[in-house]
Amino acid sequence: MRIDRLEILHLRLPLVRAFETSFGRMADHEVLIVRAESQGMVGYGEVPAMAAPVYTYETVHTAWHVIRDFLAPRLKGQEIAAPGPISELFSFVRGHPMAKAGIEMAVLDLFGKAQNRPIHQILGGERMEIPTGVSLGIEESLDDLVQRVGEATARGYQRIKLKIKPRWDIDVVAEIRNSFPTVPLMADANSAYTLADIEHLRKLDAYQLMMIEQPLGYDDYVDHAKLQARIRTPVCLDESIKSYDDARRAFELGSCRIINIKQARVGGPYSAKMIHNLARAHHAPVWCGGMLETGVGRAHNIALATLPGFTLPGDISASDRYYAEDVVDPPVTVTAQGTILVPKGPGIGYNVVEKRLTRYCLRREYVLS
Ligand code: OSB
Ligand code: MG
């Protein structure tokens, strides 16, 4: 297959409610949508970077630059024999995994459409229904959060993730555990602590958390290993794992027992699958993380989460968790049992509504034609 045209669209979508983490508060979300065309078919991928480099160093602006000036020119005239990692082709660019992932996702969707197969089948997924959880942000008050947790459990979500930061942590987890004694619960700190906080973080051991996600430095392995040796709660890494080699380092050092796999953060679906395979060999569970994706990235995440090692509920919530109107039709929905039914249609299995892409689009450009 050859990519005839590649277009990138910079979208800004309003969130139904502001989402606050230890790195800041977001009222809307910015992403790039990658549209890859071949023989009249269109494949879609997503770069769920944000407007500011506060989660990783990438932003929608760095991804725009890297795709337009380096990755797209490399695709020109290339014959792509089969769906798979295009990381080889892109390895001359150091880093920038989200920019690379957006293109790889779009190419995978194209292959699915060309072969009339769903992408989860191409990836080797095994499940037709995936368990899912929800990520809840920092709120104005504990009462607000208790209400959010109540709503989410009533909707069926199989586990609740609480965002924590210094002064919004132990008491918050204690209160939620007290109000919801049996709910599967975890906490995500987005790198808000240091090793000096070991004794403080150890207090979380009292609340039967499934895991604590990325408590320490966003690029750290050594301190997390020291922390894991001192706390009972399993450590899960998110920000630290940007590649297969990062995952290898983390397992070798004992930095974590669980990995949150985001295909955008690790350079694409095939790198995500490799990390999944490595984690399986280490008997470590993985789950599919989220980046407030639109329906495009969300559909790719659903496909990834059908792989057998994704045994824990992920952060793939229903479209309406973040968006009043998603760019796909039908929107992603969650069953009363807290699962998502994997679509059977070709490619990503959801229809992308071009008119809605246009509605939220700030700028678009053909970067290969
Ligand atoms: O740390 O997992 C994270 C959102 C944006 C950036 C980082 C993270 C998150 C979330 C929300 O936790 C995940 C989602 O619901 O998409
Ligand atoms: Mg996280």
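Per my numbering: the sequence shown = residues 733 to 1101.
Note that beta-carbon positions come from the ideal geometry of N, C-alpha and C, so glycine has one too.
Practice item. Could you tell me whether the region 977 to 987 touches the region 909 to 918, using the rule of 3 or more Cβ pairs below 8 Å? Key: Not touching, per the Cβ criterion.
Point to revise | Distance, Asp951 Cα to Tyr789 Cα | key: 11 Å
Check your understanding: Does DSSP put Tyr1002 in a helix, in a strand, or in coil?
Key -> For Tyr1002, the three-state secondary structure derived from DSSP is helix.
Practice item. Drop a sphere of 10 angstroms on the beta-carbon of His932, count the other beta-carbons inside from all chains shown, and report buried for 16 or more, exposed for fewer. Key: exposed
Point to revise | Per-residue burial, Val748 [other beta carbons within 10 Å of its own, 16 or more giving buried] | key: exposed
Review point. Can you name the start and end residues of the alpha helix (DSSP H) that Pro780 belongs to?
Key: Taken as a continuous stretch (DSSP letters only), Pro780 belongs to no alpha helix (DSSP H), as it is neither H nor E.
Exercise for review: Measure the Cβ-Cβ separation of Lys893 and Leu877 and say whether it is below 9 Å.
Suggested key: Not closer than 9 Å, so no.
Check your understanding: In angstroms, rounded to a whole number, what distance separates the CA positions of Ile740 and Met830?
Key -> 13 Å
Check your understanding: If you drop the 5 nearest sequence neighbours on each side, which residues of the same chain put their C-beta closer than 8 Å to that of Arg1096?
Key -> Glu739, Ile740, Leu741, His742
**Study point:** Integer Cβ distance of Glu769 from Thr1026, believed to fall under 8 Å
**Key:** Contact flag wrong, Cβ pair sits at about 19 Å.
Review point. Leaving out five residues before and five after Gly816 in sequence, what residues of the same chain have Cβ atoms less than 8 Å from its Cβ?
Key: Tyr1002
Review point. Given that a residue counts as buried once 16 or more other Cβ atoms are within 10 Å of its Cβ, and exposed if not, what is Gly809?
Key: Its Cβ having fewer than 16 others within 10 Å, Gly809 is exposed.
Exercise for review: Anything with a beta carbon under 7 Å from a heavy atom of ligand 2 counts; list them all in chain order.
Suggested key: Asp920, Asn922, Glu945, Gln946, Asp970, Glu971, Asn992, Gly1021
Check your understanding: Taking the alpha carbon of Met1023 as the point to measure from, which residue in Glu872, Pro1040, Leu868, Ala928 has its own alpha carbon closest?
Key -> Leu868
**Study point:** Contact test: Lys974 Cβ vs ligand 1 heavy atom, cutoff 8 Å
**Key:** no
Exercise for review: Measure from the alpha carbon of Gly1046 to the alpha carbon of each residue in His956, Cys968, Asp955, then state which is nearest.
Suggested key: Cys968
Check your understanding: Using DSSP with H/G/I as helix, E/B as strand and the rest coil, what is Asp920?
Key -> It is a strand residue.
Exercise for review: Could you give the DSSP three-state label for Gly1081: helix, strand or coil?
Suggested key: coil
Practice item. Buried or exposed for Gln879, please, with buried defined as at least 16 other CB atoms from any protein chain shown within 10 angstroms of its CB. Key: By the neighbour-count criterion, in which 16 or more other beta carbons inside 10 Å mark a residue as buried, Gln879 falls on the exposed side.
Review point. Per DSSP, which one or two residues make a beta bridge with Ile892?
Key: Val866, Leu917
Point to revise | Buried/exposed call for Pro898, threshold 16 Cβ in 10 Å | key: exposed
Practice item. Name the two residues that bound the continuous beta strand (DSSP E) containing Thr1090. Key: Not the beta strand (DSSP E): Thr1090 falls in the alpha helix (DSSP H), residues 1086 to 1091.
Review point. Any heavy atom of ligand 1 closer than 8 Å to the CB of Val753?
Key: The sequence given here has Thr at residue 753, not Val. The answer is yes for Thr753.
Point to revise | Buried or exposed (CB count within 10 angstroms, at least 16 for buried), Tyr925 | key: buried
Review point. Should Glu998 be listed as close to ligand 1, given that the test is whether its C-beta is under 8 Å from any heavy atom?
Key: It is Val, not Glu, that sits at residue 998 in the sequence shown. The answer is no for Val998.
Check your understanding: Relative to the C-alpha of Pro922, which residue among Leu821, Arg757, Ile851, Ala961 is closest?
Key -> What sits at residue 922 in the sequence shown is Asn, not Pro. When each option's Cα is compared against that of Asn922, the closest is Arg757.
Point to revise | Where Ile944 falls: helix, strand or coil (DSSP) | key: strand
Point to revise | Where Glu907 sits in the DSSP three-state scheme | key: In the structure shown, Glu907 sits in a helix (DSSP, three-state: H, G or I).
Check your understanding: Under the criterion of a Cβ to heavy atom distance below 8 Å, does Glu1025 qualify as lining ligand 1?
Key -> Yes, ligand 1 has a heavy atom inside 8 Å of this Cβ.
Check your understanding: Just to confirm, does Arg1088 get its C-beta within under 8 Å of one of the non-hydrogen atoms of ligand 1?
Key -> no
Practice item. Let me know if Ser823 comes out buried or exposed under the rule of 16 or more other beta-carbons within 10 Å of its beta-carbon. Key: exposed
Practice item. Inspect the beta-carbon positions of Gln1102 and Pro913 and report whether they are closer than 9 Å. Key: With the chain covering 733 to 1101 only, the question about residue 1102 has no answer from this structure.
**Study point:** Secondary structure of Ser754, DSSP reduced to three states
**Key:** coil
Review point. Which residues mark the beginning and the end of the beta strand (DSSP E) in which Leu969 is found?
Key: Counted as a single uninterrupted DSSP element, the beta strand (DSSP E) harbouring Leu969 occupies residues 967 to 969.
Point to revise | Beta-carbon contacts of Lys1076 that lie in its chain and below 7 Å, excluding the five residues immediately before and after | key: If we look at Lys1076 and ignore the five residues flanking it on each side, its Cβ neighbours are Pro850.
Review point. Per DSSP, what kind of secondary structure is Glu931 in: helix, strand or coil?
Key: helix
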